[in-house]
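Trainee:
There are 2 protein chains.
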Amino acid sequence: MKKLINQPENVVKEELEGIALAHPDLVKVHISPHYIVRADAPVKGKVALVSGGGSGHEPLHGGYVGMGMLDAACPGEVFTSPTPDQIYEATKAVSGGAGVLHIVKNYSGDVMNFEMAAELAQAEGIEVASVVTNDDVAVEDSLYTQGRRGVGVTVFVEKIAGAAAEAGLPLAKVAEIAKRVNENGRSMGMALTSCTVPVAGKPTFEIGDDEMEIGIGIHGEPGRTRMKIKPADEIVDMMAEAILGDLPFKSGDRVIAMVNGMGGTPLIELYIVYRRLAQICEGKGINIVRNLIGNYITSLEMAGTSITLLRADDELLKFWDAPVKTAALRWGV
Amino acid sequence: MKKLINQPENVVKEELEGIALAHPDLVKVHISPHYIVRADAPVKGKVALVSGGGSGHEPLHGGYVGMGMLDAACPGEVFTSPTPDQIYEATKAVSGGAGVLHIVKNYSGDVMNFEMAAELAQAEGIEVASVVTNDDVAVEDSLYTQGRRGVGVTVFVEKIAGAAAEAGLPLAKVAEIAKRVNENGRSMGMALTSCTVPVAGKPTFEIGDDEMEIGIGIHGEPGRTRMKIKPADEIVDMMAEAILGDLPFKSGDRVIAMVNGMGGTPLIELYIVYRRLAQICEGKGINIVRNLIGNYITSLEMAGTSITLLRADDELLKFWDAPVKTAALRWGV
Numbered sequence: 001m002k003k004l005i006n007q008p009e010n011v012v013k014e015e016l017e018g019i020a021l022a023h024p025d026l027v028k029v030h031i032s033p034h035y036i037v038r039a040d041a042p043v044k045g046k047v048a049l050v051s052g053g054g055s056g057h058e059p060l061h062g063g064y065v066g067m068g069m070l071d072a073a074c075p076g077e078v079f080t081s082p083t084p085d086q087i088y089e090a091t092k093a094v095s096g097g098a099g100v101l102h103i104v105k106n107y108s109g110d111v112m113n114f115e116m117a118a119e120l121a122q123a124e125g126i127e128v129a130s131v132v133t134n135d136d137v138a139v140e141d142s143l144y145t146q147g148r149r150g151v152g153v154t155v156f157v158e159k160i161a162g163a164a165a166e167a168g169l170p171l172a173k174v175a176e177i178a179k180r181v182n183e184n185g186r187s188m189g190m191a192l193t194s195c196t197v198p199v200a201g202k203p204t205f206e207i208g209d210d211e212m213e214i215g216i217g218i219h220g221e222p223g224r225t226r227m228k229i230k231p232a233d234e235i236v237d238m239m240a241e242a243i244l245g246d247l248p249f250k251s252g253d254r255v256i257a258m259v260n261g262m263g264g265t266p267l268i269e270l271y272i273v274y275r276r277l278a279q280i281c282e283g284k285g286i287n288i289v290r291n292l293i294g295n296y297i298t299s300l301e302m303a304g305t306s307i308t309l310l311r312a313d314d315e316l317l318k319f320w321d322a323p324v325k326t327a328a329l330r331w332g333v
Numbered sequence: 001m002k003k004l005i006n007q008p009e010n011v012v013k014e015e016l017e018g019i020a021l022a023h024p025d026l027v028k029v030h031i032s033p034h035y036i037v038r039a040d041a042p043v044k045g046k047v048a049l050v051s052g053g054g055s056g057h058e059p060l061h062g063g064y065v066g067m068g069m070l071d072a073a074c075p076g077e078v079f080t081s082p083t084p085d086q087i088y089e090a091t092k093a094v095s096g097g098a099g100v101l102h103i104v105k106n107y108s109g110d111v112m113n114f115e116m117a118a119e120l121a122q123a124e125g126i127e128v129a130s131v132v133t134n135d136d137v138a139v140e141d142s143l144y145t146q147g148r149r150g151v152g153v154t155v156f157v158e159k160i161a162g163a164a165a166e167a168g169l170p171l172a173k174v175a176e177i178a179k180r181v182n183e184n185g186r187s188m189g190m191a192l193t194s195c196t197v198p199v200a201g202k203p204t205f206e207i208g209d210d211e212m213e214i215g216i217g218i219h220g221e222p223g224r225t226r227m228k229i230k231p232a233d234e235i236v237d238m239m240a241e242a243i244l245g246d247l248p249f250k251s252g253d254r255v256i257a258m259v260n261g262m263g264g265t266p267l268i269e270l271y272i273v274y275r276r277l278a279q280i281c282e283g284k285g286i287n288i289v290r291n292l293i294g295n296y297i298t299s300l301e302m303a304g305t306s307i308t309l310l311r312a313d314d315e316l317l318k319f320w321d322a323p324v325k326t327a328a329l330r331w332g333v
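In the order they appear, the protein sequences are chains A and B.
With my numbering, the residue at position 171 of the first sequence is 171, and numbering never jumps.
With my numbering, the residue at position 250 of the second sequence is 250, and numbering never jumps.
Below is the structure:
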C-alpha cells in the first residue's frame, strides 16, 4: 500500500485536522465526534443542510461545506457510514430554527443512521426532512444498497438545495427542490483500477491489466460488467446510452453535466471523456448548459470516471448559478 | 497502459477539443497549431500573458486561461515542449498592443522555443518580456534542465502577474512582479509511483513497491534520493526542511502555500500533508495566509505531492486575492 498517510486508523482524524488548519475562514471542525460545520453556523432562520457518508470520496462532503451549499458534513471512517451520534450532533450544531435537511446517499448504513439521527433531533424539537439520492443507473440493489446507489447527483443536490436554503426558502420547499434534483439526475461510473482502503491495506477488488469494470460503485462495488479495455469514445458511448435511456433524456432538454474523476484519473483524460459526451448530447439535441469536469466524488485513488447528467429547469439553473463559497466549489464570491 | 484515451497520438488534440466544448464562455481553442486563448482575446491595451509547456500537467496551463490570469496557453505533446511556431502564433493572437509576457518553466526546450517565438514576435513589433521560473530546490541541473526546474511557483506567477496585467500595469511592472514571485517561491516534490506517457505506453521509471522518490521532477526526472516509504509526517518534514532552508523563510514571513497533488493522489492525503506543513510553519513563526490544496500542476496519474511556498508582500497578496475566472481557478466573480 503506497499512501501519504501516518497510521491508517488516523487518516480521517488527521484529514480533518488538515481541513481545520486550511480553511478556518470557511469551516469549523469538530473532532469528537467528527463533523465539519460552516464557520458561521448556526445561521439563524435559514434551513440547514446536513450531509455525510463514508470518507474516501473527497471533496464530498467536507469540501462542500460553506456559504450556499452544506451547513454540515459528517465523515465516517473510509467507506464506512457516519454514526447516528455524529449526525445528530452535527444537526444540532447547525440548526438555526428553520429546520434541517438531511441529504443521504442511498447506502443501507447511511440511510439507517441518518434516520436514527433525525429521530433524535426531532425528539428535541428540530424539524428534519430527508432526501435520499439514488441516481446510479448501473445496478438495482448492490453490495451495500437496496435499490439504486446514490452517487454524483449528490453534488448537484447539495449545490442547488444549498442555494435554495441560502435564498431563504422554507424547509418543505428546499426538500422539494432537493428531491426534484435527484429525480432528474442520472449517473454511471467505470473503473480501470481498484483502490485501497488504508486500514485494509490491500486493493478492494482485483482487476486484470487489460480489464475495466463498467457500472462500478464508489466503494468498488461490482457494476454491470467486467470487460477488456476499450477506447475512451466507446466507453463513453456505453455509459451515455445507459444514462440517457434511463430517465429518459430527450431532445430539447437542458442538462448540467458532470464528468467526474474517481481520484486517480488525469484531467487530460476527463476532457477526452467530456468531448465524447458533448458530441453524443449534441447529436441527440440535448443541450449541456453547465458542466463540471474534475474530481468531485472520488473513490480514493481509483482510476476511472463517472458521468452525471441533470435535467435542469429554470429554477434549478438559477440556484446552480447562485454564489457558492466552499473549499471545493466556488463562484460568484 | 490503462488510460481513458483513444489513439495515444491524439490525446492532446482531443483534450483540446474537449476544452473547447466545455468552456466556450472562457476560452477559444486553436487546433493547428495548438493553443488556447481567453474568449475575449486580444484585450486591447492590456499586457498579455502567454505560458505553455508539455501537456500532462493539467490543469497547468490551459486551465489557467481566462480573466485575471493567462491570455494564452501553448500545450506541447505530453511532456514535450511546444514549438516556436505555436508560441509565436499564440503571442500574436493575444497581443493587445501593451506587450506580452512569456512565462516559461525552466526546461531547456521550453526556454529555447519561447526565446525563438519572442524573437519572431519582436520582429513584428510586438514587445515581449520573459520570466523563467526555477523554484524547485531538489536538484541543480536535471534531465531536461540547466539550473533548477520550474514547477509549482508557475501557478503563483500566472495568478499574480495575471492580476497585475488585469489591473492595467505596464509590461515592465508586470514582468517585475512575475520575477519577484519566482524569486520568493520555493518548491519540492515527491512520488510514490511513476506515470505513463501515452505514446510511450510504459512507465517513465521503475520504482519498488516499498519505495518513494524525494525531489522528483514533474516529468519523472530523478530527484535527490530514492528511499523506503516513510510516514507522511516524516516525508513532509524532509520536504519542508529543504524548502524552508533554501530561501530561507524566516519567522514573521507571510506565505502562500500550495500542497499539490501529482495526479493520482487522493485529496484526503493532501490534507494530511497540509496538516503537517501547517504545524511546521507554525512552529517556525511562518504565517500561511493563503493556501491551495489539490491538483494544480500534475504529472499525469503519478501518485505523489509537491509543496510550494511563496513569501508574499502586500502587493503580491493584493494581486493573489484579485478576481480570477478560469476553468481551474476561480474566485471573486
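Beta carbons: idealized from backbone N, C-alpha and C, even for Gly.
These numbers were taken from a predicted model, which means no experiment stands behind them.
Flag this pair as touching only if the region 52-63 of chain B and the region 314-329 of chain A have three or more C-beta atom pairs under 8 angstroms; answer yes or no.
Mentor: At 8 angstroms Cβ cutoff, the stretches do not touch.
Trainee: Using a C-beta cutoff of 7 angstroms, does B:E89 count as contacting chain A?
Mentor: Not closer than 7 angstroms to any Cβ of chain A, the Cβ of B:E89 fails to qualify, so no.
Trainee: Tell me, which residues are paired with B:T304 by DSSP?
Mentor: Looking at the sequence shown, residue 304 of chain B is not Thr but Gly. According to DSSP, which records beta bridges pairwise, B:G304 is partnered with B:A191.
Trainee: Could I get the ranges of all uninterrupted alpha helix (DSSP H) runs contained in the region 276-324 of chain A, with 4 residues as the minimum, in chain order?
Mentor: Fully enclosed alpha helix (DSSP H) runs of 4 or longer: 314-321.
Trainee: What's the gap between the Cα of B:M190 and the Cα of B:E213?
Mentor: So the alpha carbons of these two residues sit roughly 6 angstroms apart.
Trainee: Measure from the alpha carbon of B:S32 to the alpha carbon of each residue in B:F79, B:Y88, B:M69, B:E211, then state which is nearest.
Mentor: Here the closest residue by C-alpha is B:Y88.
Trainee: Leaving out five residues before and five after A:A175 in sequence, what residues of the same chain have Cβ atoms less than 7 angstroms from its Cβ?
Mentor: Excluding positions up to five away in sequence, the list reads L101, A129, V131.
Trainee: Quick check: what's the CA-CA separation for B:A117 versus A:P8?
Mentor: Distance between the alpha carbons of B:A117 and A:P8 is about 50 angstroms.
Trainee: In chain order, which alpha helix (DSSP H) runs of at least 4 residues are fully inside the region 108-170 of chain A?
Mentor: Qualifying alpha helix (DSSP H) stretches, in chain order: 108-123, 153-166.
Trainee: Helix, strand or coil for B:N10, going by three-state DSSP, please let me know.
Mentor: In the structure shown, B:N10 sits in a helix (DSSP, three-state: H, G or I).
Trainee: Please tell me whether A:V273 has its Cβ less than 7 angstroms away from any Cβ of chain B.
Mentor: Taking Cβ atoms only, chain B reaches closer than 7 angstroms to A:V273, which makes this a yes.
Trainee: Does DSSP put A:E58 in a helix, a strand or coil?
Mentor: Three-state result, A:E58: coil.
Trainee: Which residues, in chain order, does the region 4-21 of chain A contribute to contact with chain B at a C-beta distance below 7 angstroms?
Mentor: So the close ones are L4, I5, N6, V11, E14, E15, E17, G18, I19, L21.
Trainee: Which same chain residues, not among the five before or five after A:I126, have their C-beta less than 8 angstroms away from its C-beta?
Mentor: Excluding residues within five positions, the ones whose Cβ falls inside 8 angstroms are T91, K92, S95, G99, V100.
Trainee: Measuring alpha carbon to alpha carbon, tell me which of A:P266, A:G215, A:L300, A:V259 ends up nearest A:K202.
Mentor: Here the closest residue by C-alpha is A:L300.
Trainee: Where B:K325 and A:R330 are concerned, what is the direct C-alpha to C-alpha distance, given to the nearest angstrom?
Mentor: In a straight line, the C-alpha of B:K325 is about 11 angstroms away from that of A:R330.
Trainee: Which whole runs of the beta strand (DSSP E) in the region 172-228 of chain A are 3 residues long or more, in chain order?
Mentor: If we require 3 residues or more, the beta strand (DSSP E) runs fully inside the region 172-228 of chain A come out as 185-191, 211-214, 225-228.
Trainee: Can you tell me whether B:V273 is helix, strand or coil according to DSSP?
Mentor: DSSP places B:V273 in helix when its eight states are reduced to three.
Trainee: How about A:F319 and A:I286: are their beta carbons less than 7 angstroms apart?
Mentor: Contact: no.
Trainee: Starting from the beta carbon of A:L192, find every residue of chain B whose beta carbon is closer than 8 angstroms, and list them in chain order.
Mentor: The contacting residues are K2, K3, L4.
Trainee: Which partner residues does A:H102 have in the DSSP bridge list?
Mentor: Partner(s): A:V50, A:S130.
Trainee: Starting from A:K250, follow the beta strand (DSSP E) in both directions and report where the run begins and ends.
Mentor: Per DSSP, A:K250 belongs to no beta strand (DSSP E) and is neither H nor E.
Trainee: Rounded to a whole number of angstroms, what is the C-alpha to C-alpha distance between A:A327 and A:E269?
Mentor: Taking the straight line joining both Cα atoms gives about 24 angstroms.
Trainee: In three-state terms, what does DSSP make of B:I36?
Mentor: In this structure, B:I36 counts as strand in the three-state DSSP scheme.
Trainee: Of all the residues that make up the region 156-180 of chain A, which are near chain B by a beta-carbon distance shorter than 9 angstroms?
Mentor: Taking 9 angstroms as the Cβ-Cβ cut-off against chain B, none of the residues of the region 156-180 of chain A qualify.
Trainee: At a Cβ cut of 7 angstroms, what residues of the region 298-331 of chain B count as close to chain A, listed as they run along the chain?
Mentor: Here the close residues are T298, L300, E301, A303, T305, R330, W331.
Trainee: Under the rule that 16 or more other beta-carbon atoms within 10 Å means buried, what is B:S187, buried or exposed?
Mentor: Buried.
Trainee: Which residues in the same chain as B:K159 place their Cβ atom closer than 7 angstroms to its Cβ, once the five residues preceding and following it in sequence are excluded?
Mentor: So the qualifying residues of the chain are M69, W320, V324, L329.
Trainee: Alpha carbon to alpha carbon, how far is B:E140 from A:G264? Give it in angstroms, no decimals.
Mentor: The straight-line gap from Cα to Cα measures roughly 30 angstroms.
Trainee: Following the continuous alpha helix (DSSP H) through A:K3, name the residue where it begins and the one where it ends.
Mentor: Careful: A:K3 lies outside any alpha helix (DSSP H) and carries neither H nor E.
Trainee: Starting from A:I31, trace the beta strand (DSSP E) both ways and give me its first and last residue.
Mentor: Where A:I31 is concerned, there is no enclosing beta strand (DSSP E), given that its DSSP letter is neither H nor E.
Trainee: Please list, in chain order, the chain B residues whose beta carbon lies closer than 8 angstroms to that of A:I229.
Mentor: Correct list: K2.
Trainee: Can you find the residues in the same chain that come closer than 6 angstroms, C-beta to C-beta, to B:V349, ignoring five residues on each side of it along the sequence?
Mentor: Limits of chain B in this structure are 1 at one end and 333 at the other, which puts residue 349 of chain B out of reach.
Trainee: First and last residue of the beta strand (DSSP E) that includes A:V255?
Mentor: Per DSSP, A:V255 belongs to the beta strand (DSSP E) from 254-261.
Trainee: Could you name the residues of chain A that B:N291 contacts, counting a contact when the two beta carbons are closer than 8 angstroms?
Mentor: Correct list: A22.
Trainee: Taking Cβ to Cβ, would you say B:V29 is nearer than 7 angstroms to A:L4?
Mentor: For B:V29 and A:L4, no; Cβs fall outside 7 angstroms.
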